[in-house]
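Position 239 (the sequence shown) corresponds to 239 in this note's numbering; numbering is contiguous. Data block below; observations after.
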Amino acid sequence: MGVRFRLEGIYTPVITPFFADGSIDFDSLAELVDRLADAGVHGLISGGSTGENYAETIEERLQIARFVVERAKGRMPVFIGTGAMRTPDSIALATGAREMNADGILLGTPPYSVPTERENALNALAIDRAADLPIILYNYPGRMSVEMGRDFLDRVGRSQNVIGIKESSGDINRVHLLARDYPHIQMSCGMDDQALEFFAWGAQSWICGGSNFLPEEHIALWETCVVKGDFAKGRRIMSAMLPLMAVLEQGGKFIQCIKHGVEVTGIKAGPMRPPLKGLNKEEKRELEQVIRTLKTTVQAILKGN
């Protein structure tokens, strides 16, 4: 049986731009989708945590997802995040994804409830039945407190719809496990500072928040490692990107940094919805300096310097 969907390239979990009053800025969202399409990213994800899904109603999430699908105009596939605390809400998002002709769904563990592997698998399979679309699983125990372990993967992996997994545990042994024991589930990098290791172990895709504002540089690393197999140059590019990864992954303000990075590109991202607050002036200056240095260094590497 062939793979239902080939998961390759850079997938951007799109932010949600907001106005100062907290309403959705669809004009800026349209500008961002067009910018990402022009830059050559390979896919979009609407309604992930980078899009502040936890601070949006199900109706808002469906509205945003429908807008992103329509704006993408088939230029690249769009996956819809279905993560929610309540199974009926995830099913509503999955059903909506099917009805709006999305290309697939991103399916995570319900937060806070701490299900067993069997319970988590049954929840995932219920969402699968509602969508009947290609599924990227999302393993992020740091946020969900539960890992998608062997029992879960053995149960859920039987579905032909389960085509991939975004692995965000940070545990490199999980990369080894997925590559060796679950090769039929396409592994996608979900831990930005381990992108090189994921590619070395056969991952063909990278779902990365930083590509909201640095799509070309993320594509450059993917092309260098995955398409060209040049890991010597890939290590140099990754080394140049690590200061950004440190700010994003270790600073405790991931979404704030992503949204300010988008602002730096000239597209309005607006504030975060509560409880999050934006970066202070010093944090903005630090991020802007990291971005400038990264862009200059990666450009020099690509020119052969």
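Every residue gets a Cβ at the ideal spot worked out from N, C-alpha and C, and that includes glycine. This one's a predicted model, so the numbers in the text were calculated from it and none came from an experiment.
Own chain partners of residue i with C-beta closer than 6 Å, once the 5 adjacent residues on each side are dropped
i: N123; result: T87
i: A84; result: S90
i: T82; result: S90, L93, A94, I105, L107 and I127
i: M1; result: Note that M1 has pLDDT 47, beneath the 50 cutoff, so the model's placement of it is unreliable and the number below is only indicative. Within the same chain, M1 has no close Cβ partners at all.
i: G96; result: L62
i: L153; result: Y182
Burial state of residue i, where buried means 16 or more other Cβ atoms lie within 10 Å
i: E59; result: exposed
i: R129; result: exposed
i: S239; result: exposed
i: S23; result: exposed
i: K253; result: buried
i: K259; result: buried
i: A121; result: buried
Beta-carbon proximity list for residue i, same chain, < 7 Å, skipping 5 on both sides
i: H42; result: E8, G9, I10, Y11 and M76
i: P13; result: I45, G48, T50, G51, I207 and G209
i: I237; result: A220, L221, T224, V298 and I301
i: A179; result: M187, W201 and G202
i: V114; result: S145 and V146
i: P134; result: R4, F5, D103, G104, N161 and I163
Nearest-angstrom beta carbon gap, residue j and residue i [assumed within contact, 8 Å]
i: G234; j: L221; result: 6 Å
i: D25; j: K277; result: Between K277 and D25 the Cβ distance is about 18 Å, and since that is not below 8 Å, they are no contact.
i: A131; j: A72; result: Rounded, the Cβ-Cβ distance is 18 Å, inconsistent with contact.
i: M148; j: N139; result: 4 Å
i: L137; j: I165; result: 4 Å
C-beta contact flag for residue i and residue j at 8 Å
i: I185; j: I127; result: no
i: A55; j: R273; result: yes
i: P271; j: F18; result: yes
i: M144; j: T116; result: no
i: V156; j: L106; result: no
Own chain partners of residue i with C-beta closer than 8 Å, once the 5 adjacent residues on each side are dropped
i: A246; result: D193
i: V68; result: V14, L29, V33, L44, S46 and V78
Quiz item: What alpha helix (DSSP H) runs, 4 residues minimum, are completely inside the stretch 17–97?
Solution: 26–39 and 58–72
Quiz prompt | Length at least 4, wholly inside the stretch 237–288: the alpha helix (DSSP H) runs in chain order | solution = 254–264
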